[in-house]
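Enquirer:
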Amino acid sequence: MMPPSNIPITQLSIEMGIGESTLYNWRKQAVNKGYLVPGDGKNAEQWSSANKFSVVLETASLNQAELAEYCRNKGLYAEQIVAWRSACMDANANVKEQEKFFTLEAKKDKKQINQLEKELLRKDRALAETAALLVLRKKANAIWGEIEDE
533 MMPPSNIPIT
543 QLSIEMGIGE
553 STLYNWRKQA
563 VNKGYLVPGD
573 GKNAEQWSSA
583 NKFSVVLETA
593 SLNQAELAEY
603 CRNKGLYAEQ
613 IVAWRSACMD
623 ANANVKEQEK
633 FFTLEAKKDK
643 KQINQLEKEL
653 LRKDRALAET
663 AALLVLRKKA
673 NAIWGEIEDE
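Under the numbering used here, think of the first position of the sequence shown as 533, with each following residue one higher.
1. Are the CB atoms of C603 and A610 within a distance shorter than 8 Å?
2. For I546 and K565, what's the separation of their Cα atoms in angstroms?
3. Helix or strand or just coil, what does DSSP make of W579?
4. Where does the unbroken alpha helix (DSSP H) through S553 begin, and where does it stop?
5. To test your reading of the DSSP string, which unbroken alpha helix (DSSP H) runs of 4 or more residues are found completely within the segment 576 to 621?
6. Does the segment 575 to 586 come close enough to the segment 612 to 630 to have 3 or more Cβ pairs within less than 8 Å?
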């Protein structure tokens with residue numbers, strides 16, 4: 533189930549006659565020890581980001597010869613590792629732009645909220661004024677009788 537074979541656990545269980553739960557347990561123990569064990573039959577490009585990051589960490593200090601040997605053992609290509617390293621390094625590169633974008637969006641939202649609150653207050657006042665005029669008209673009609681509008 534380890535690279536370069538990456539045989540799925542279900543297939544490995546059938547071929548070797550070992551229970552799947554035992555294989556899952558062994559994989560979990562290997563992962564806890566820091567080994568790279570995808571064990572799902574996926575090729576390297578479909579690995580999780582955690583597994584790719586593990587490879588980048590493992591190969592960070594290797595020279596070209598050691599990297600080539602590592603790649604042969606794991607069934608990887610050096611170009612894949614270079615691409616993954618680049619992706620890891622760029623992961624936080626645009627944090628400033630995102631922060632600026634979110635700040636701008638927050639300002640827009642706050643401005644719109646303030647505008648809507650002002651409009652709501654204006655309409656509440658107009659409604660209160662209309663209600664007061666209706667009450668006043670009712671009282672005037674009760675005192676002086678029905679007044680006809682011309």
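Every residue gets a Cβ at the ideal spot worked out from N, C-alpha and C, and that includes glycine. Note that the coordinates shown come from a computational prediction; the quantities given were computed from them, not determined experimentally.
Expert: On the basis of the data shown:
1. Sequence index remark: in the sequence shown, residue 610 carries index 78 (1-based). Sequence index remark: in the sequence shown, residue 603 carries index 71 (1-based). Result yes, Cβ atoms of A610 and C603 sit closer than 8 Å.
2. For the purposes of this step, residue 546 is taken as the residue at position 14 of the sequence shown. For the purposes of this step, residue 565 is taken as the residue at position 33 of the sequence shown. Their backbone Cα atoms lie some 26 Å apart in a straight line.
3. Taking the first residue of the sequence shown as position 1, residue 579 is located at position 47. Correct three-state label for W579: coil.
4. As a first step, residue 553 is located in the sequence shown; it is residue number 21 there, counting from the start. Per DSSP, S553 belongs to the alpha helix (DSSP H) from 552 to 564.
5. 581 to 591, 596 to 606
6. yes
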